[in-house]
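Going down the list, the sequences are from chains A and B.
Quick note on numbering that gives the first Met the number 0: the first sequence kicks off at 0 and runs consecutively.
Quick note on numbering that gives the first Met the number 0: the second sequence kicks off at 0 and runs consecutively.
The C-beta atom is built at its ideal place from N, Cα and C for all residues, glycine as well.
Let me begin by presenting the structure, written as structure tokens, before commenting on it.
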Amino acid sequence: MNAIPVVALVTFLIGVVMAYMLGLQAEKYGASIFVVDGVALGMTREFSPLIVATIMAGRSGAAFTAQLGTMKLTEEIDAIRTLGLDPAQVLVLPRVLALVLTLPLLVFVGNVAGIAGAMLMASLTLDLPAQAFIERLLVALSPRHYVIGIVKAPVFALFIAVIGCRMGLSVSRDTRSIGIHTTSTVVQGIVAVILLDAVFAVVLQKLGL
Amino acid sequence: MVIEADGVVTRFGRQTVHDGLSLQIRRGELVALIGGSGSGKSVLLREILGLQRPTAGSVRLLGTDMWRAPPAQLAATRKRFGMMFQEGALFSSLDVAGNVATPLREHTDTPAELLPRLVNLRLALAGLGADAGAKMPAQLSGGMKKRAALARALALEPEVLFLDEPTSGLDPITARAFDELLAFLNCDLGLTVLMVTHDLDTLLSIARRVVVLGRGKVIADGSIDEVLAVDDAWIKSYFSSRHTVQPPPAAAGA
Numbered sequence: 000m001n002a003i004p005v006v007a008l009v010t011f012l013i014g015v016v017m018a019y020m021l022g023l024q025a026e027k028y029g030a031s032i033f034v035v036d037g038v039a040l041g042m043t044r045e046f047s048p049l050i051v052a053t054i055m056a057g058r059s060g061a062a063f064t065a066q067l068g069t070m071k072l073t074e075e076i077d078a079i080r081t082l083g084l085d086p087a088q089v090l091v092l093p094r095v096l097a098l099v100l101t102l103p104l105l106v107f108v109g110n111v112a113g114i115a116g117a118m119l120m121a122s123l124t125l126d127l128p129a130q131a132f133i134e135r136l137l138v139a140l141s142p143r144h145y146v147i148g149i150v151k152a153p154v155f156a157l158f159i160a161v162i163g164c165r166m167g168l169s170v171s172r173d174t175r176s177i178g179i180h181t182t183s184t185v186v187q188g189i190v191a192v193i194l195l196d197a198v199f200a201v202v203l204q205k206l207g208l
Numbered sequence: 000m001v002i003e004a005d006g007v008v009t010r011f012g013r014q015t016v017h018d019g020l021s022l023q024i025r026r027g028e029l030v031a032l033i034g035g036s037g038s039g040k041s042v043l044l045r046e047i048l049g050l051q052r053p054t055a056g057s058v059r060l061l062g063t064d065m066w067r068a069p070p071a072q073l074a075a076t077r078k079r080f081g082m083m084f085q086e087g088a089l090f091s092s093l094d095v096a097g098n099v100a101t102p103l104r105e106h107t108d109t110p111a112e113l114l115p116r117l118v119n120l121r122l123a124l125a126g127l128g129a130d131a132g133a134k135m136p137a138q139l140s141g142g143m144k145k146r147a148a149l150a151r152a153l154a155l156e157p158e159v160l161f162l163d164e165p166t167s168g169l170d171p172i173t174a175r176a177f178d179e180l181l182a183f184l185n186c187d188l189g190l191t192v193l194m195v196t197h198d199l200d201t202l203l204s205i206a207r208r209v210v211v212l213g214r215g216k217v218i219a220d221g222s223i224d225e226v227l228a229v230d231d232a233w234i235k236s237y238f239s240s241r242h243t244v245q246p247p248p249a250a251a252g253a
């Protein structure tokens, strides 16, 4: 996956920033160690899924629209239909499946990179050595939050992929339309991810998770 | 009748493209469809292929109404025609051999070990060497793309072949070779051919029947001479765009 470096880099930096901000507050109360709790919860439950999904909405969602839009333009999709094949089956389904399967893996990469970033920052500025960080992490990292974060990923992926493919297939037969639709895909994808995340937050709150 | 369009009406918003158009094509004919831009040639082709729904009227291809037939009958009909799109419309993620093999894979039970041989036969028929099979569509020249697309259209040994501007964008030598190939497919293999074209040379050399679309209807239909005899401004200016219009060769009359 070519997305791994960019996902790792962005989440690593978010981890750094999170540790720094939380550290500034926690240090006042001599509670630097709780930075680990904050990062573990925030990263695995919220930030990693949200940021990774946003990156993939820009990367894969846009790519799907551009690919399918170009195929529409070159009549490839018409050719598929004249052969009696269903574009939804041969073009859309594989893309949706691919993203639904890979996004959770990327969220895992994001979790690891984000926590690594926080660990680096903690050992540099908070006087919290890596060993102490990891010990606290083992206590603080709750499977519940981790699983919630991973479960969000395929839902985000489904929406991103479906939006990307749908916009690609609705490209009209001119080049300008591909650009317009690609832009629209990215905007819709990111908005969808944030809305879904809010829905998750409310629903999980109600369920007491 | 291989193709029967009856009272086809096509509207896009307020614009009426076809206004009660009717057309019949018999087995073994080689028909060229011409008309000014916006006269709905490509739209008619798409309606015959079942890619676009006419607003009213019916289109039958090989006896199948492409919009009302049950799926099984549609699938059976799809095995019996081939379509060559204007820019080839090759599947960009597959190499040429993969492109030609796709209809065979989808519609026949050809054993995998036989596929390469069948693919090479089709490539040879379309005038491509076996070495072209490994190339990706992006690596092909315009002429080779068209040949590869023709090979794919011929994959299932269709009874009817549709072509959208087969010679556009080709140099005159390649274009004439393409004409000869189409004439061979029509005369020697008995394919019914319907093509949308603008190429006067193609018309004059191989088309035995020319159908002219205009004002939403068929405004002329017949041999070149018959079409030339129709009093219509567009037809006059179309054929006078070339200085020397020669009658088609006598051999073409059948």
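Near chain B, meaning a CB-to-CB distance below 8 Å, the residues of the segment 71-83 of chain A are Thr-73, Glu-74, Glu-75, Asp-77, Ala-78, Ile-79, Arg-80, Thr-81, Leu-82 and Gly-83. Shown here, B/Glu-3 sits in a strand according to DSSP, grouped into three states. Shown here, A/Asp-196 sits in a helix according to DSSP, grouped into three states. Looking at the backbone, the Cα of A/Val-146 and that of A/Gln-130 are separated by about 25 Å.
Non-local C-beta neighbours of A/Val-106 in its own chain, meaning closer than 7 Å and more than five positions away in sequence, comprise Ser-47, Pro-48, Val-51, Gly-148, Ile-149 and Ala-152, ordered along the chain. A/Ala-139 is not a Cβ neighbour of A/Gly-14, given a cutoff of 9 Å.
In this structure B/Ala-206 does not touch B/Leu-44 by the C-beta definition: roughly 15 Å separates them, more than the 8 Å allowed. CA-to-CA, the gap between B/Ala-4 and B/Glu-86 works out to about 26 Å. The C-alpha of B/Ala-232 is placed about 30 Å away from the C-alpha of B/Leu-48. The count of Cβ pairs closer than 8 Å, one atom from the segment 77-90 of chain A and one from the segment 9-19 of chain B, stays below three, leaving the stretches out of contact.
Between B/Leu-193 and B/Ile-223, the CB-CB gap reaches or exceeds 9 Å. DSSP places A/Ser-122 inside the alpha helix (DSSP H), whose first and last residues are 92-124. By the criterion of at least three beta-carbon pairs nearer than 8 Å, the segment 68-88 of chain B is in contact with the segment 67-75 of chain A. Within chain A, the residues placing a beta-carbon under 8 Å from that of B/Arg-77 are Thr-81, Leu-82 and Gly-83, ordered along the chain. A contact is defined here as three or more CB-CB pairs under 8 Å, and the segment 8-15 of chain B fails this definition with respect to the segment 183-202 of chain A. Among the residues facing chain B, A/Thr-69 is included, as its CB has a counterpart in that chain under 9 Å away. Contact annotation: in the segment 56-76 of chain B, residues whose CB is within less than 8 Å of a CB in chain A are Leu-73 and Ala-74. By the criterion of at least three beta-carbon pairs nearer than 8 Å, the segment 117-133 of chain B is not in contact with the segment 62-79 of chain B.
Distances from the CA of A/Thr-53 to each of A/Leu-208, A/Ala-200 and A/Leu-194 were compared; the closest alpha carbon is that of A/Leu-194. A contact between stretches requires three or more CB pairs, one per stretch, nearer than 8 Å, and the segment 150-167 of chain B meets this requirement with the segment 98-105 of chain B. When rounded, the separation of the alpha-carbon atoms in A/Val-161 and A/Val-192 is 12 Å. Under the Cβ distance rule, B/Pro-102 counts among the residues neighbouring chain A, one pair being separated by less than 9 Å.
The three-state secondary structure of A/Asp-77, taken from DSSP, is helix.
Taking the C-beta atoms as reference points, B/Ala-147 is found no nearer than 9 Å to B/Ala-129. Residues of the segment 147-166 of chain B with a C-beta atom less than 7 Å from some C-beta of chain A do not occur. Within the segment 114-143 of chain B, no residue has a Cβ lying closer than 8 Å to any Cβ of chain A. By the criterion of at least three beta-carbon pairs nearer than 8 Å, the segment 107-127 of chain A is not in contact with the segment 165-182 of chain A. For B/Leu-193, not one C-beta of chain A is nearer than 9 Å to its own C-beta. For the options B/Gly-56, B/Gly-215 and B/Gly-126, the alpha carbon positioned closest to that of B/Gly-34 is the one of B/Gly-215.
At a Cβ-Cβ threshold of 9 Å, B/Val-226 and B/Val-209 count as neighbours. Along the length of the segment 68-133 of chain B, whole alpha helix (DSSP H) runs at least 4 residues long occupy 70-77, 95-106 and 114-124, reported in chain order. Contact between A/Ala-18 and A/Val-5 is ruled out by a C-beta separation of about 21 Å, above the 8 Å threshold. Judged by DSSP secondary structure, B/Leu-160 falls outside any alpha helix (DSSP H) and instead within the beta strand (DSSP E) spanning 159-163. Here A/Lys-205 is exposed: its Cβ has fewer than 16 other Cβ atoms, across all protein chains shown, within 10 Å. In the DSSP assignment, B/Leu-193 is bridged to B/Val-30 and B/Phe-161. In this model, A/Ser-59 and A/Gly-178 are separated by some 15 Å (Cα to Cα).
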